[in-house]
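Below is one structure, written out as structure tokens, with a few remarks after it.
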Amino acid sequence: MKYIMYEDNSFVIFSPKDIHCEVNPAKEKQAVSAGYVSLFESPGGHGTVNIKAYCFGESTTMGLKSREKDSEIISNSFKL
């Protein structure tokens, strides 16, 4: 999957078939990073499942790289 992260820590995840600069739905927001994201399940407490994100790479069409903290931001968004 691909992703775009915005300055307010909101993000969009989309198909790897799509091009970053053509998918960017929040053109009124400032994109701060972009690249690829892999999502993994990990066991949580009390029989729950956590979703962990791993962000990597870059968007050449947007001129943005992934950041280490993007993985944490996306992972935390899946916590209830």
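By my numbering, the letter at position 22 of the sequence shown is numbered 66, and the numbering carries on one by one without gaps. Yeah, the Cβ is synthetic: ideal placement off N, Cα and C, and Gly gets one too.
Practice prompt. Express the C-alpha separation of K109 and S77 in angstroms, rounding to a whole number.
Written response: 5 angstroms
Fill in: Closest residue to I57 among N94, E51, E116 and G79 (Cα-Cα distance)
G79
Practice prompt. Using the Cα positions of H90 and K123, report the straight-line distance between them to the nearest angstrom.
Written response: 14 angstroms
Practice prompt. Following the continuous alpha helix (DSSP H) through I118, name the residue where it begins and the one where it ends.
Written response: E112 to S121
Practice prompt. Kindly confirm or deny that the region 96-105 and the region 58-67 touch, where touching means at least three C-beta pairs closer than 8 angstroms.
Written response: At 8 angstroms Cβ cutoff, the stretches touch.
Fill in: Residue environment, F84, which counts as buried when at least 16 other CB atoms sit within 10 Å
With fewer than 16 other Cβ atoms from the protein chains shown falling within 10 Å of its own Cβ, F84 counts as exposed.
Worksheet entry | M45 burial status per 10 Å Cβ neighbour count (16 or more: buried) | Counting Cβ neighbours within 10 Å, M45 comes out exposed, since fewer than 16 surround it.
Worksheet item: Counting along the chain, where does the alpha helix (DSSP H) carrying E172 start and finish?
Response: In the structure as shown, the chain begins at 45 and stops at 124. Residue 172 is therefore absent and cannot be evaluated.
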